[in-house]
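Asker: Have a look at the structure that comes next, please.
Numbering (the working numbering), first residue to last: 832 to 1011.
This is how it looks when you write it as structure tokens:
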């Protein structure tokens, strides 16, 4: 009697330990009947549900990674200490940095206005935006709070600013010509 109980319990313990370690394919054999079989069916169903949920989460994570990488704006998630926790490729490209992860925003930009924007976003709990110039490019930096982290988004607005300047010059020239 003791072996008939300890054998299935040992199997149960082993399968539960494997599932706890992430082996969601582990299953208990459905031998015998009664309460031990019902317990094995329950553990197997739980492992199957966990497997489905983790596969769904992994697929969603892969989709978000592709989306994150394909956005032309530079996006970074900043930790409480101001260091980049995660960044898309455009973020590094816009800053001229190969691997910005682990580095502080100050180290990457040396821009006091950007640091003020980050501080304001954290203190107010609301998004702030500032323009900064980096490598001859005009970047609109938006900083938004997200739980304990901050999201920093750089958009290259160089062409828009040049167009505005050209438009302003054109209006000034036309105005001058009309007066003379």
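Cβ coordinates follow ideal geometry from the N, Cα and C atoms, glycine included.
Could you tell me the distance, in whole angstroms, from the CA atom of residue 936 to the CA atom of residue 894?
Answerer: 27 Å
Asker: Only counting runs of 3 or more residues, tell me where the beta strand (DSSP E) segments fall wholly within the segment 853-933, in order along the chain.
Answerer: 905-909, 915-918
Asker: Determine the DSSP secondary structure at residue 1008, reduced to helix, strand or coil.
Answerer: helix
Asker: Given that a residue counts as buried once 16 or more other Cβ atoms are within 10 Å of its Cβ, and exposed if not, what is residue 1001?
Answerer: exposed
Asker: Just verifying my parser: in three-state terms, what is the DSSP assignment at residue 942?
Answerer: coil
Asker: Measuring straight from C-alpha to C-alpha, what distance separates residue 865 and residue 916?
Answerer: 51 Å
Asker: Should residue 986 be labelled buried (16 or more other beta-carbon atoms within 10 Å of its own) or exposed?
Answerer: buried
Asker: What did DSSP end up calling residue 958 once you bin it into helix, strand or coil?
Answerer: When DSSP states are grouped into helix, strand and coil, residue 958 belongs to the coil group.
Asker: Quick one, which of 932, 839, 874 has its alpha-carbon nearest residue 912's?
Answerer: Checking every option, the nearest Cα to that of residue 912 belongs to 932.
Asker: Check whether the segment 903-912 and the segment 978-993 touch, using three or more Cβ-Cβ pairs below 8 Å as the test.
Answerer: Counting Cβ pairs under 8 Å, three or more are found: they touch.
Asker: When you compare the CB positions of residue 924 and residue 942, do they come within less than 8 Å of one another, or not?
Answerer: no
Asker: Within 10 Å of its beta-carbon, does residue 959 have 16 or more other beta-carbons around it, so buried, or fewer, so exposed?
Answerer: buried
Asker: How many Å lie between residue 847 and residue 891 at the Cα?
Answerer: 26 Å
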